Amino acid sequence: MAERFQAPRGTFDIQPAESALRVSLYMAAAEAFERAGYGRIETPAFEDTELFARGVGGSTDIVRKEMFSFEDQGERRLTLRPEGTAPVCRAYLEHGMHTLAQPVKLWYWGPFFRHERPQAGRFRQFHQLGAEAIGSDSPLVDAELIVLLNDLLHSMGVNSLTLRIGSLGSLESRAEYRKELQAYLHEHGGDLAKDVRERIDENPLRAFDAKDEGTRGVMADAPTMLDRLDGDDADHFAEVRALLDRAGVHHELDGTLVRGLDYYTRTVFSFESDRLGAQSELAGGGRYDGLVELLGGPATPAAGWALGIERVLLVLGEEGGAPPVQVFVAAPDSQRDTALGLVFELRRAGIAADLDLAGRSPKGQMKQADRSGADLTVIIDDNGAATARDMDTGEQRPVDLANLTKELG
Ligand code: HAM
Numbered sequence: 008m009a010e011r012f013q014a015p016r017g018t019f020d021i022q023p024a025e026s027a028l029r030v031s032l033y034m035a036a037a038e039a040f041e042r043a044g045y046g047r048i049e050t051p052a053f054e055d056t057e058l059f060a061r062g063v064g065g066s067t068d069i070v071r072k073e074m075f076s077f078e079d080q081g082e083r084r085l086t087l088r089p090e091g092t093a094p095v096c097r098a099y100l101e102h103g104m105h106t107l108a109q110p111v112k113l114w115y116w117g118p119f120f121r122h123e124r125p126q127a128g129r130f131r132q133f134h135q136l137g138a139e140a141i142g143s144d145s146p147l148v149d150a151e152l153i154v155l156l157n158d159l160l161h162s163m164g165v166n167s168l169t170l171r172i173g174s175l176g177s178l179e180s181r182a183e184y185r186k187e188l189q190a191y192l193h194e195h196g197g198d199l200a201k202d203v204r205e206r207i208d209e210n211p212l213r214a215f216d217a218k219d220e221g222t223r224g225v226m227a228d229a230p231t232m233l234d235r236l237d238g239d240d241a242d243h244f245a246e247v248r249a250l251l252d253r254a255g256v257h258h259e260l261d262g263t264l265v266r267g268l269d270y271y272t273r274t275v276f277s278f279e280s281d282r283l284g285a286q287s288e289l290a291g292g293g294r295y296d297g298l299v300e301l302l303g304g305p306a307t308p309a310a311g312w313a314l315g316i317e318r319v320l321l322v323l324g325e326e327g328g329a330p331p332v333q334v335f336v337a338a339p340d341s342q343r344d345t346a347l348g349l350v351f352e353l354r355r356a357g358i359a360a361d362l363d364l365a366g367r368s369p370k371g372q373m374k375q376a377d378r379s380g381a382d383l384t385v386i387i388d389d390n391g392a393a394t395a396r397d398m399d400t401g402e403q404r405p406v407d408l409a410n411l412t413k414e415l416g
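Under the working numbering, the first residue of the sequence shown carries the number 8, and numbering increases by one thereafter.
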């Protein structure tokens, strides 16, 4: 036998039994975004490598070691998108969206790619649901985004949530804090992990994300940006928090929240679930007031978030199966045409209907009806007469096939 293939490491097939729940999450998101005035955007699965190198930041793990990059036949350097914010900002500029009423509110759902070590909740191809609001620095935008995410997670059935929130200040005010943190890290260099020590000058904030004990010990006493927040930054953050309180969204302050992308400014946040293991973050985001300008556009404040679909599914326990059938039609061979005609008629009337497609015996068809989860089974006999069976109560009654669709519709 010829050698068989497997899906590449860190990737997976989404089989029909797992699809139903994904579709319902998508629908819930689409409805919530529509109510909140967000338009759907789709950007390509790959972009110029430089977009991420510049946008996400050359010193981040994503750019340093997690990108799937390649050269195409025209010797262009391209990368499978590891995240959606830089591409959405690219599209915002490319299509002149800064001339529209601001902020421009966009959402997306699609596959993303990171060359990480696969484990539960961490894949090389995964799906994000994301939202970006570009063109306003109002704290209302931060609050709207966070409340939207909070409500969406609850509507998806995710309840064991912790929202952590911090502020990284504006780029200008952070410059001073960075120097202070760098001095602190150099002072404790001997206790830091090698890669943290090597990145003190390039990216000192990442030390807050280190997992080794030595670094964690040092960082427990490190000054945080939250301690140094002042002026407009402090007012902005206080306003975001007050708006969350008013919306009844509980949140925990966390000055060590830095997140793994360089573009963040001011508000940063993450939603975690205690039902996930090491990869406990379900969703995260924040403000990125410098990114559009960094990508060659005018100075444009913005904020957003992304949610990991596979992590939500893990929390929900991947319940769900094939799409539910409302009506199953069972019939002997002689009445197959009648059964098929009825199924088509029901489906056209918006009723989920199905029939046996594998030549099962009448008994086998009843078993199939049961498995399908149908509420009602229509049993057609050899003469074309029909009985409807309520699958919950087992009650049966004769029905007139000519009027059935109208009766059920
Ligand atoms: P991120 O925190 O890198 O942010 O990713 C967002 C979410 O994607 C994570 O919270 C996690 O649920 C999911 N995720 C990330 N990597 C993986 C993986 N390897 N396997 C499975 N799920 C994963 C961003 O990507 C930003 N663009 C979010 C944002 C939008 N900030 C502002 N706007």
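Glycine is no exception: its CB is placed at the ideal position from the N, C-alpha and C atoms.
Small disclaimer: the values here were computed from a predicted structure and weren't measured.
Closest residue to V453 among V95, F120, P125 (Cα-Cα distance) | The structure shown does not extend to residue 453, since the chain is modelled only from 8 through 416, so no value can be given for it.
Check whether the region 159-171 touches the region 35-55, taking contact to mean three or more Cβ pairs, one atom from each stretch, closer than 8 Å.
-> The region 159-171, when compared against the region 35-55, does touch it at the 8 Å Cβ threshold.
Pick out the complete beta strand (DSSP E) segments inside the region 293-325, 3 residues or longer, and give them in chain order.
-> Taken in chain order, the unbroken stretches of beta strand (DSSP E) that lie wholly in the region 293-325 and span 3 residues or more are 309-315.
Is the beta carbon of R97 less than 8 Å from the beta carbon of E54?
-> yes
First and last residue of the alpha helix (DSSP H) that includes S162?
-> 146-162
Bounding residues of the alpha helix (DSSP H) (the contiguous stretch that carries E246) | 238-253
Taking just the CA atoms, how far does V336 sit from G327?
-> Unreliable placement is indicated for G327, whose pLDDT of 45 sits below 50; no coordinate value is reported for it.
Residues bridged to I387 [DSSP beta-bridge criterion] = A393
Do A393 and L408 have their C-beta atoms closer together than 8 Å?
-> In this structure, A393 places its C-beta atom within 8 Å of the C-beta atom of L408.
Taking just the CA atoms, how far does P339 sit from N166?
-> 48 Å
Going by C-alpha distance, which of K72, G17, G44, T92 is nearest A52?
-> T92
Same chain, Cβ closer than 8 Å to E151, five either side skipped, listed in chain order = A43, A140.
Please go through the same chain and pick out, in chain order, the residues whose beta-carbon is closer than 6 Å to the beta-carbon of D234, but skip the five residues on each side of it.
-> none
Option in D240, E288, T231, A306 with minimal Cα separation from T274 = D240
Indicate, with yes or no, if the ligand HAM has a heavy atom lying under 7 Å from the CB of L289.
-> Indeed, a heavy atom of the ligand HAM lies less than 7 Å from the Cβ.
Beta strand (DSSP E) segment containing E78, residue limits | 76-78
Rounded to whole angstroms, what's the CA-CA distance from E179 to E25? Just pull it up for me.
-> Answer to the nearest angstrom: the Cα atoms are 47 Å apart.
Can you tell me the Cα-Cα spacing of Y271 and G311, whole angstroms?
-> 10 Å
Compute every distance between the C-beta of Y295 and the non-hydrogen atoms of the ligand HAM, then say whether any falls below 7 Å.
-> yes
Do G262 and G128 come within 8 Å of each other at the CB atom, strictly closer than that value?
-> no
Hey, is W441 close to the ligand HAM, as in C-beta under 7 Å from one of its heavy atoms?
-> Outside the shown range of the chain, which is 8 to 416, sits residue 441, and nothing can be said about it.
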